[in-house]
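Chains as they are written, first to last, in this note's numbering: chain A, 34 to 417; chain B, 16 to 479.
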C-alpha cells in the first residue's frame, strides 16, 4: 500500500551562493564577476554546455543524472530584503510585504492533521522551532538528537528517569477523556492555563514516547557521514521508517554567510550537505521507502554577483532544489541574467517567486490547497 | 473529581516577597529574600521603584572581558549583554521594565540589524522607564531604531508615511477604536522630518555605526493640523502631549502593565485604578508601579502565580537561582541562545506586536526545552545556588520524603503545587526513602538535585 507523501525541508542558513552552486560556466560574465572565486572549469560537474554543479556536489550529481533532482533557478521575490532574518522570515511565512508570524508549514500541518490528532505529524530536528513550523494550536515535535531526546534526560539512572517520567504523567494529567477534554470545565482562567499546560505536557511526552519507539526497529547498512546534518537526516530516516505518521520534517545546515574565505567554506558545506543527503536517500532506498519522500532545499537569498575578493556579500535571487524519486528532474525557472544592466545593487533579479515552489510542493505533493497558505495563486512549477 | 482550581489562601510574608521579586525582577534566592524580609515589604517596594538610589551594574567589567560587548558588532553580543544585566543588575525593576518596553515598543534585529543602535534603545528604556510616559514616548519617537523600524525616515511633507503615526496610536498609546483615520494622517504629518543621520551601511570593512536621530526641517510639514479635536501647527511633541492627556492612553498603559506585572487575566477594576494613577500624575510610571506593587490585588491570591513565565524570565530566573553567572564567563552566550530556544530571542521580537504572552509562551517543543534546560541547571549540585539549597536542607537534619519535597518547594520558590501533585511528589520521594546526610552525603545531595529537577518539570513551575 502506498504510504502518504512526506516532505523533508532542508534550510541552508546564511544565504547560499547560487552562482557557485549551479555554475553558468558557459557565460563569460561568470568568469568576469568571479575573479577570485570562480571554480576552475575542469572541476565543474557539468550538467550541460551552459551549467554545472560545484565539485563538492559529486554525491548529488547522480540524482540529477537519473532525472530525480529539480533545480529552481532565480528563485526569490519582489523588493528583496538583504537581511538574513527578514528574508528568512519572508520564506518562513510566505509573506514578503508585511510582518506576520504564522509559518507556512504550520498551516500545511494544520491541513494535514486538522484535529491535531498526531503530535508528530511534523518533526523538527534542531533546537528551537523555525518560524516556518510555528502556528498556534499545531503541535510539532522538536528534537535536538533522537537518541537522547526526551524529558528529564539528565537524570542519573534509567530507572530514576522511568520513575520521573511516570511522575511527570501524574503531574500533568487532569483526567482528560479520549478527545483530550476535561470531564468538567475548569473553574477559573488560571485553571484553564494549567489545563492547557497539562495537555501540552502530555503531548510532549507522547511525542517523545512515539519517537523513542522508532530507534528499536531501525536497521540499516548505510553508513552516514559523521556530521551534524547527517545525524539529523539519519534521525529523519529513522522516524520516517518507524511509520509513526510524520508528514513534514524540517532541519537546517548553517554557515552559508560566506563574506570571506568562501572557497573552502562553501566547498566543505556542500560536501557535508551532499554526502548527508545521498546517505539519507540511500537509506530510504534500502528500505524501499524512497517513493514517498521529497526534499526541498532552500536558502534565504543568493549572493552578490561580483565577488569581494575571497567572499561574496548578501544578494537577492538564489537557487532552490527538490530531490527525490517522485521528482521530475531539470531546471525550473530561468537562470537570471548576469548583465550589469539587469542587476539591482549588483544582485540577480528573481525570475520565479518562491511561493511557486511552495505551491507545487503543497498541491502536487501534499495534496493540500496552497492558496490560503501562500496567500494567492502562483505559477505551478510541476516538478513533481 | 477535583479540578485545578485555586483555593483562596493567605500568602505568607515569604511567599509575598518571592512573588514581588518574580514580578519586579527575575526572582530572588532565599538569601536575598531573607534580607528583603528584614527590610519589610513596603521598604523593598520603595527600593525597587527607586533604582537611581542603587549603584548601577559595573559594565566596565563586561567590556574588559568582551571587547565586542562594547563594539556590539554581532547581535549575539547584544543579547548576551542584556541577559547578563538581567541576571546581575542590582536594579531588577529597571531591567524588568526594559524587557517590558522591549516587547511593547518592539523593534527587531530582523529589520534594523544594527546591534549597537538596538542596545542604545534599551539604554534609553533603562533611563526613562520610571519617568513620565510623555517623555518616554518623545524619546521613543526620536529613537533611531524605532524610526527605521517604522520607516519614519521616509515620512516627509511631500510624501507622508503613516507607519509610525499609526502604530504610535494603535500599539504604543491609545489602542484601536479611540481615534479616526484622519487622526492617523494628522499624527503622521506631525512627525514628518523626524529622521536619521549617520546611516552608514553596516557592511564590511567599516563595521557597524550606531545611527542617530536628526530633525530635517526641510522635510517637516509646518502646516496646521487637527488632531483628536485640537487644532494647531503641531509637531510630534505637541501630538504626544495631546495623546498622553487621553483617558484611552491611561487605560492602555495600565492594561499593559497589569498584563505584564500582575496576571494573564485582566481585571477591569485594577486596571481602572492604575489608569486613575496615570491621569492624576500626568503619566508617572514610578507612581503607577508603586501603586501596583502595593495594591491589594497584587498582594493576593488573585495574582499569585497567575502568569505564565515568559521565555526570558524562565531562563534568567533559573540562572539567578543557580548563581552561576555572577561575573562575565563563558556560557553567558549560551543563555542568550537558550532564550531563543524557548521562543524569546532578545533584540529580535517576532513582529511590531512584540511577544504574545500567557499560554502562547508554551508549545510542546518549548515546554521540553524549558524543562530540560532548567533540570540540567538545578540538577547540578555543584552550582553555588544549588549548594546553598543543599546546605539549608542539611541544616534541617535528616528529612522524611515529605520534608524533602516541602523543603525543595520552599527553597526553589516558595512554589505552591496542586495538592494531588504534592502527593505525587511525595510518593515519588518515598521510593528513595528518607534523606540521611550521615549515611551517604553524596547520595543525599543527589536526592536533592533529583527532586529539584522534578520540581522544575512541573506545570506550576512554568508560572510566575
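Just so you know, even glycine gets a beta-carbon here, dropped at the ideal spot from N, CA and C. Remember, it's a predicted structure, so these values are computed and weren't measured experimentally.
Legend entry - Beta carbon of residue 334 (chain B) nearer than 8 angstroms to that of residue 102 (chain B): yes
Inset, instruction - Go through its chain and collect everything with a Cβ distance to residue 274 (chain B)'s Cβ below 8 angstroms, but skip five positions before and after it. - result: 281, 372
Legend entry - Stretch-stretch touch, CB-based, cutoff 8 angstroms, three pairs: the region 165 to 174 of chain B with the region 204 to 214 of chain B: yes
Inset, instruction - Check the C-beta distance from residue 347 (chain A) over to residue 115 (chain A) and give it rounded, since I have them as a contact under 8 angstroms. - result: 4 angstroms
Inset, instruction - Verify the CB distance criterion: does residue 173 (chain A) have a CB-CB separation below 8 angstroms to chain B? - result: yes
Legend entry - Bounding residues of the alpha helix (DSSP H) (the contiguous stretch that carries residue 269 (chain A)): 261 to 274
Inset, instruction - Note down, one range per segment and in chain order, each beta strand (DSSP E) of at least 3 residues found wholly within the region 131 to 175 of chain A. - result: 155 to 158
Legend entry - Cut-off 7 angstroms between Cβ atoms - residues of its own chain near residue 253 (chain A), not counting five sequence neighbours on either side: 316, 319
Legend entry - Cβ distance (whole Å) where residue 284 (chain A) is taken to contact residue 85 (chain A) below 8 angstroms: So it is not a contact: roughly 27 angstroms between Cβ atoms.
Legend entry - Beta carbon of residue 424 (chain B) nearer than 8 angstroms to that of residue 470 (chain B): yes
Legend entry - Other residues of its chain near residue 107 (chain A): CB distance less than 7 angstroms, five sequence neighbours each side excluded: 350, 366, 367, 368, 369, 381, 383, 384, 385
Inset, instruction - With DSSP as the reference, please indicate the residues paired to residue 443 (chain B) in a beta bridge. - result: DSSP output for residue 443 (chain B) lists no bridge partner at all.
Inset, instruction - Return no unless some Cβ of chain A is closer than 8 angstroms to the Cβ of residue 162 (chain B). - result: no
Inset, instruction - Return the CA-CA distance between residue 195 (chain B) and residue 181 (chain B), expressed in angstroms with no decimal places. - result: 10 angstroms
Legend entry - Sufficient close CB pairs (3 or more, under 8 angstroms) joining the region 143 to 153 of chain B to the region 288 to 306 of chain B: yes
Inset, instruction - Could you tell me whether the Cβ of residue 46 (chain B) comes closer than 8 angstroms to any Cβ of chain A? - result: no
Inset, instruction - Examine the Cβ distances between the region 267 to 285 of chain A and the region 241 to 251 of chain A and report whether three or more of them are shorter than 8 angstroms. - result: yes
Inset, instruction - Measure the C-alpha to C-alpha separation of residue 190 (chain A) and residue 139 (chain A) and round it to an integer number of angstroms. - result: 36 angstroms
Inset, instruction - Below 9 angstroms between beta carbons is the criterion; list the residues of the region 179 to 202 of chain A that meet it against any residue of chain B, in chain order. - result: 182, 183, 184, 185, 186, 187, 188, 189, 193, 196, 197, 199, 200, 201
Inset, instruction - Give a yes or no on whether 8 angstroms exceeds the smallest Cβ distance from residue 119 (chain A) to chain B. - result: yes
Legend entry - Residues, ordered as in the chain, of the region 147 to 164 of chain A that lie near chain B by beta-carbon distance below 9 angstroms: 152, 157, 160, 161, 162, 164
Legend entry - CB contact check: residue 365 (chain B) to chain A, cutoff 8 angstroms: yes
Inset, instruction - Using a threshold of 8 angstroms, state whether the C-beta atoms of residue 237 (chain A) and residue 383 (chain B) are closer than that. - result: yes
Inset, instruction - For residue 183 (chain A), verify whether its CB is less than 7 angstroms away from any heavy atom of the ligand HEM. - result: Only the bare structure without any ligand can be found here, which leaves the ligand HEM out of the picture.
Inset, instruction - Using only alpha-carbon positions, find the residue among B:201, B:443, B:457 that is nearest to residue 199 (chain A). - result: B:443
Legend entry - Straight-line Cα distance separating residue 339 (chain A) from residue 378 (chain B): 44 angstroms
Legend entry - Cross-strand partners of residue 229 (chain B) (DSSP beta bridge): B:210
Inset, instruction - With DSSP as the reference, label residue 86 (chain A) as helix, strand or coil. - result: strand
Legend entry - Element boundaries [beta strand (DSSP E), containing residue 103 (chain A)]: 102 to 109
Inset, instruction - Kindly indicate if chain A contains any beta-carbon less than 8 angstroms away from that of residue 436 (chain B). - result: yes
Inset, instruction - Give the residues of chain A in contact with residue 348 (chain B), contact being defined as C-beta atoms less than 9 angstroms apart. - result: Here the premise fails: no neighbours, minimum Cβ distance about 14 angstroms.
Inset, instruction - Compare the beta carbon distance of residue 98 (chain B) and residue 361 (chain B) with 8 angstroms and say whether it is the shorter of the two. - result: yes
Legend entry - Given 8 angstroms, three or more beta-carbon pairs between the region 34 to 46 of chain B and the region 401 to 412 of chain B: yes
Legend entry - Reduced DSSP secondary structure (H/G/I, E/B, other) of residue 63 (chain B): helix
Inset, instruction - Would you give the residue range spanned by the alpha helix (DSSP H) that residue 312 (chain B) belongs to? - result: Premise fails: residue 312 (chain B) is in no alpha helix (DSSP H) and is neither H nor E.
Legend entry - In DSSP terms, what residue 247 (chain B) is bridged to: B:240
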